[in-house]
Structures are given as structure tokens and as C-alpha cells.
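Positions in the sequence shown are counted from 1; adding 15 to them yields my numbering.
We treat Cβ as the ideally placed atom computed from N, Cα and C, and that holds for glycine.
A short write-up of the structure that comes next.
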Amino acid sequence: MKKILFVTSEAHPLIKTGGLADVCGSLPKALVELSQDIRLIIPNYQALETTESVRFLFSLRVDNRNINILETTMPDSQVIVWLVDYPAYYNYPGNPYVDEQGKSWLNNAERFGLFCRIVVEVAMDRVHQDWKPDIVHCNDWQTGLVPAFLSLEHDRPLTIFTIHNMAYQGIFPASTATSLNLPGQLWHLGGLEFHDNLSFIKGGLVYADYITTVSPTYALEIQTPEYGYGLEGLLEYRKESLGGIINGIDLEQWDSTTDQAIAQTYSETTLANKKLNKIALQERFGLPVNDDVPLLGLIGRLVEQKGIDLIIECLPDMVTMGLQFVLLGSGDKGFEKQLKDLALLYPDTIAITIGYDEALAHLIEAGSDVFLMPSRFEPCGLNQMYSQRYGTIPIVRKTGGLADTVTDTLPETLANETASGIVFNEASPSALLEAIKRTLVLYSLTDTWEKMQLNAMRKDFSWHRSAQEYLALYEKL
Ligand code: ADP
Ligand code: GLC
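Below you can see the structure in the form of C-alpha cells.
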């Protein structure tokens with residue numbers, strides 16, 4: 016049994032902005048099921064919600080600040096959670112990283128810098144809890160300074176840094192290095208310095224004993240300039256200590272046979288009931304109710320990563336193709352406005368909900384025939400897996416985890432019963448339109464479509480296998 020300190024800035028159902036939270040909510044659970052001794056540590060944000068009781072555990076002093084650590088458990092699990100309670104930094108309303116206008120909180124470097132320092136105190140058991148981890152598993156830039164600080168300690172736990180997204184690096188002006196009081200040994204080009212700035216993510220990429228990312232394909236992609244954002248050289252240099260482990264999904268939360276958030280549950284044997292969700296979805300979005308019209312859905316952060324610009328360019332053509340399109344998301348204000356304008360122009364075809372809505376996300380997964388995910392890059396992606404599990408055929412671009420989890424529909428993949436979606440290559444509106452046309456042809460072939468749905472629903476996206484891979488890695492280290 017390993018002792019693992021799992022470090023993250025978000026974890027579902029406590030607090031979530033994206034897939035990072037889904038993963039950090041479910042991977043620790045899966046590790047506990049593999050009998051590991053795991054503690055998750057996370058800032059105690061104002062918006063953090065839990066149904067479990069919370070108790071004071073201990074306090075510590077770091078950088079002349081008094082910090083409390085509170086203890087709770089993850090709802091519906093045995094995972095112990097340590098909440099870092101420092102209201103001056105974490106008791107901000109709403110999103111953990113940005114204000115209501117979508118602008119980063121001005122003191123994010125200080126907020127996550129302090130978080131990392133506290134994690135180190137806990138990891139070295141200088142907090143007298145008689146619990147010293149074997150492994151400290153960090154996730155994304157907010158936790159990047161942990162491996163860096165720990166590299167300076169004697170008799171320290173091993174560190175793993177998981178990259179969920181190279182596009183977010185935690186870059187701050189060089190002066191931050193002084194205000195954070197960073198040890199001088201860490202400040203050089205082979206350390207935390209990046210083009211005269213301080214890079215949090217480099218702390219993970221340079222100093223962690225092992226780096227993982229969330230799909231094998233993305234692990235290779237980030238070693239190239241297109242996906243590495245200037246860090247491809249470093250990642251290539253570290254390639255012997257870099258691997259991809261595909262995310263799993265929470266099979267209990269995403270189960271069409273029990274889902275409380277959808278209009279009608281269904282399974283492989285009652286697939287016909289799926290259409291009741293389609294009707295509910297059309298009603299919910301104020302679209303004409305018609306089971307014959309193919310309904311395409313999308314849920315996600317409205318940012319360039321997700322290929323939203325490609326979709327916006329395609330929509331005027333899509334409305335001529337006899338389909339409907341629903342979207343739930345929020346993000347870039349420009350994208351939000353363009354999408355809302357298109358919905359006003361084509362009210363019988365396009366319906367947009369700007370916002371964040373868990374329950375509606377479930378209904379979209381269940382009620383759509385097709386899920387659109389034309390990402391420019393996608394470290395793993397979860398929605399394409401939720402879709403397949405719900406018998407909703409994903410259209411994806413061949414990148415990152417999308418390439419690793421969706422099998423294109425071709426004569427040979429239909430024959431060997433693996434076809435589970437539509438995969439296209441080029442990040443261009445024309446390639447996306449071609450993929451949609453190809454999908455509509457398949458949709459009209461009812462038997463073929465149903466075979467694709469069943470192939471998709473039968474795929475194994477459970478955490479179990481991935482958690483085993485992480486465990487094997489912990490043991491190898
Ligand atoms: P990313 O982490 O890059 O945003 P993922 O596909 O890994 O992408 O995970 C996104 C997660 O966030 C999914 O669980 C998805 O359902 C959820 N999500 C994103 N936007 C919304 C939204 N507007 N409402 C509800 N859920 C959302
Ligand atoms: C990131 C990525 C997404 C991935 C998620 C969880 O947010 O954008 O592709 O699924 O992290 O690892």
C-alpha cells in the first residue's frame with residue numbers, strides 16, 4: 016500500500032471548472048478502491064461545496080501566515096480531503112482562477128504559490144500528523160512549484176506531475192519570483208525561469224521525478240512545437256520520464272441506466288427510449304420537436320482549444336443540412352456573442368445556452384444523436400467518452416485523447432465492431448463539414464447507426480484500468 020498525497024486545484028463534486036475536476040474527483044476514488052492510502056489536498060474556496068462534515072485538523076505557519084487545515088471526505092467515497100483554509104487568498108466568490116469578467120485573479124501567483132508551500136510542509140510531515148506520503152501527485156500548473164520546492168528537501172517523497180493541459184502554464188512576471196521569495200537555486204533557465212518570466216508549470220516539468228499526461232497521443236504531441244508552446248524541447252529531453260495514461264470516466268455519474276438528470280433512462284436493450292431524451296432536449300431548447308431530424312450537441316468551454324471558431328464558421332452551412340444543433344457552454348465573450356447571434360438568426364435550427372449546468376449537460380449527452388468535438392488540441396477530453404457511453408456518436412478531430420478513444424467508422428471497423436464515431440484530420444471548417452455530411456449519411460442508415468451506438472456503449476472507459484497504470488507507475492518509481 017502506498018501513501019499518496021494528491022494535489023489539485025479542483026475536484027468534482029467539491030469544485031469544478033472542467034475536466035481536471037472530473038479526473039481529480041474520480042482517480043483518487045479509484046486508487047482507494049485499489050487499497051491505497053490517499054489524501055487529496057485542495058484550497059478551501061468560497062464556492063467549494065460538500066455534503067460531508069468538515070472538521071478542524073491542525074494549523075500551521077507558512078510565510079508568516081497562519082493557515083488552518085480542515086478535514087473532510089469526498090462525498091460517496093472514503094477519500095480523505097484536506098482543505099487549505101486561508102480566507103485572505105481562497106475565500107473569493109465563484110471561479111477558483113478568474114473573476115466574474117473572466118480575468119485572472121490578480122494574486123494567483125501568491126495564492127497558488129502559498130498553496131504549494133503548504134503542500135510541501137504536509138508532504139514532509141512537518142505538520143506532525145504522523146503521515147508522510149511516499150508519492151506526491153501534482154496536477155497542472157497551480158501545483159507546479161511543489162516538485163520544485165521538494166527537490167530541495169532531503170529524504171523527500173517522490174513526485175509525479177500530471178499535465179492536463181499545456182496551454183495553461185502559470186506564467187508571471189520575473190518580479191513574482193522575488194515576491195514569492197523563491198529559493199535562488201530554482202531561478203535559472205533550466206529551472207523556473209522561462210523567457211524572463213516565472214513559469215509554474217516548469218516546476219513540474221523540470222523537477223518532478225516523473226511526468227504523465229492524460230493520453231498517449233498527447234504525450235507525443237507535446238514534444239512538438241505545435242503543441243508544446245515553447246516547452247517541447249524540455250519535454251523531449253525528459254521523454255524517458257514522460258508517459259501518457261488515458262483518463263477514465265466516473266461510471267456511476269455517467270450511467271444512462273440510472274441517470275436522474277435525464278428524461279428517461281435507457282440501456283443497450285432499451286435504446287429506443289433514448290429518443291424520449293431527444294424530445295425533452297428539443298422542448299427544453301425550444302426547437303421543433305421531431306425525432307427524425309438529427310440533433311447535434313456540444314458542451315464545453317467556449318475557447319479556441321475546442322474548435323468553437325470552426326463550428327461558428329460551419330453553422331450557416333449546417334442549417335441547410337436538415338439538422339438541429341444545441342450548445343451549452345461559456346467562455347470567450349466573442350464566441351458567446353457570435354453563437355447567440357446565429358441562434359437568433361436560425362431559431363428553428365440552432366439553440367444556445369450560455370452558462371454552466373451539470374444537469375443540462377447530462378440531458379444533452381442523452382438526448383443528442385451526435386456530439387461535436389472538433390478540438391484543435393485535446394489532452395484527453397471526457398465528453399467524447401460520456402457520449403459513447405450514452406450511445407451518442409461523437410464527431411472528433413484526430414488529436415490527443417480524442418484520437419485514442421474514438422474509432423472512426425470505416426468498412427473494416429464496422430466489420431470488426433469497433434466503429435464508434437467519426438474522426439477527421441484537418442482543423443478546418445471544410446474538413447468539419449465533410450465529417451458532418453459523412454455522419455448524416457450514416458445516420459440515415461438506421462441499422463448501421465444502431466451498430467455504431469452499441470459499439471460505442473460497449474467500450475470500457477472505466478477508471479479501473481487507468482488507476483492500475485498509475486499504481487504501477489508509483490510502484491516502479
Ligand atoms: P476540458 O477539461 O478541457 O474543459 P473535458 O472534456 O476534459 O474538457 O471536460 C469538460 C468537463 O466539463 C465535462 O465534464 C463537461 O461536461 C463539463 N462542462 C464543460 N462546460 C460545461 C457547462 N457549460 N455546463 C456543464 N458542464 C460543463
Ligand atoms: C484538461 C484538458 C482535457 C482533459 C482534462 C482532464 O482540461 O483540456 O482534454 O480531459 O484536462 O484531464
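Query                                                                                                                                                      : Result
Does the count of Cβ pairs from the region 138-145 and the region 157-172 closer than 8 Å reach three?                                                     : yes
Return the residue from the list T285, I277, S282 that minimises the CA-CA distance to I294.                                                               : I277
Is any non-hydrogen atom of the ligand GLC found closer than 7 Å to the C-beta of V69, if you look at the structure I gave you?                            : no
How many angstroms separate the CA atom of E427 from the CA atom of L325?                                                                                  : 29 Å
Bridge partners of T3, per DSSP?                                                                                                                           : Past the edges of the chain, shown from 16 to 492, lies residue 3, and the structure says nothing about it.
Do G337 and I314 come within 8 Å of each other at the CB atom, strictly closer than that value?                                                            : no
By DSSP's criteria, F3 is part of a beta bridge. Which residues make up the other side?                                                                    : Given a span of 16 to 492 for the chain in the structure shown, any question on residue 3 remains unanswerable.
What's the gap between the Cα of I95 and the Cα of V47?                                                                                                    : 10 Å
Which term fits H210, buried or exposed, when burial requires 16 or more other beta carbons within 10 angstroms of its beta carbon?                        : exposed
Which first and last residues belong to the alpha helix (DSSP H) in which T454 is found?                                                                   : 444-459
Note down, in chain order, each residue of its chain lying with its Cβ closer than 6 Å to the Cβ of V308, except the 5 sequence neighbours on either side. : Q339
Which one or two residues does DSSP pair with N154 in a beta bridge?                                                                                       : T177
So, under 8 Å CB-CB, L310 and V341 are touching, yes? Tell me the CB distance rounded to an integer number of Å.                                           : 7 Å
Hey, out of L197, S190, V134, whose CA is closest to R171's CA?                                                                                            : V134
Would you mind stating whether S230 and K321 have Cβ atoms separated by less than 8 Å?                                                                     : no
Please state whether DSSP places F439 in a helix, a strand or coil.                                                                                        : strand
I'd like to check one pair, S214 with I186: are the Cβ atoms closer than 8 Å?                                                                              : yes
Could you work out which residue in T191, V69, V411, E432 is closest to P7 when comparing CA atoms only?                                                   : The question about residue 7 has no answer, for the chain in this structure spans 16 to 492.
Count Cβ pairs between the region 326-333 and the region 443-452 that sit closer than 8 Å; are there 3 or more?                                            : yes
Who are the near neighbours of W478 in its chain, counting only those whose CB is closer than 6 Å to its CB and skipping five residues on each side?       : S41, A45, G263
Name, in chain order, the residues that DSSP records as bridge partners for N81.                                                                           : R76
Please name the residue, chosen from G370, T433, S383, that lies closest to T422 on a Cα-to-Cα basis.                                                      : T433
In terms of alpha-carbon separation, which member of P58, E86, L492, T463 lies closest to A430?                                                            : T463
Spatial neighbours of V22 within its chain, please: C-beta separation below 7 Å, excluding the five flanking residues on both sides.                       : I56, V134, V151, H152, C153, N154, T158, V161
Which whole-angstrom value describes the C-beta separation of E380 and S402, a residue pair presumed to lie in contact below a C-beta threshold of 8 Å?    : 6 Å
At a cut-off of 7 Å, would you count E373 as near the ligand ADP, judging by its Cβ distance to the nearest heavy atom?                                    : yes
What's the gap between the Cα of A26 and the Cα of S92?                                                                                                    : 13 Å
Given the structure, does N398 come close to the ligand ADP, in the sense that its CB is under 7 Å from one of the ligand's heavy atoms?                   : yes
Rounded to the nearest angstrom, what separates P102 and E247 at their Cα positions?                                                                       : 37 Å
With C-beta atoms as the reference, is A182 less than 8 Å away from Y244?                                                                                  : yes
For M388, list the residues DSSP reports as bridge partners.                                                                                               : V411
Can you tell me the Cβ-Cβ gap for L20 and R70, rounded? I've got them flagged as a contact below 8 Å.                                                      : About 19 Å; that fails the 8 Å criterion.
Near Q468, what residues of its chain come up, given a Cβ to Cβ distance below 6 Å and the 5 sequence neighbours on each side ignored?                     : G406
Classify M16 as buried or exposed, calling it buried when 16 or more other Cβ atoms lie within 10 Å of its own Cβ.                                         : exposed
List the DSSP bridge partners of K118.                                                                                                                     : Answer by DSSP bridge pairing: none, since K118 is not bridged.
I think P28 touches P90, with their Cβ atoms under 8 Å apart; what is that distance to the nearest whole Å?                                                : 6 Å
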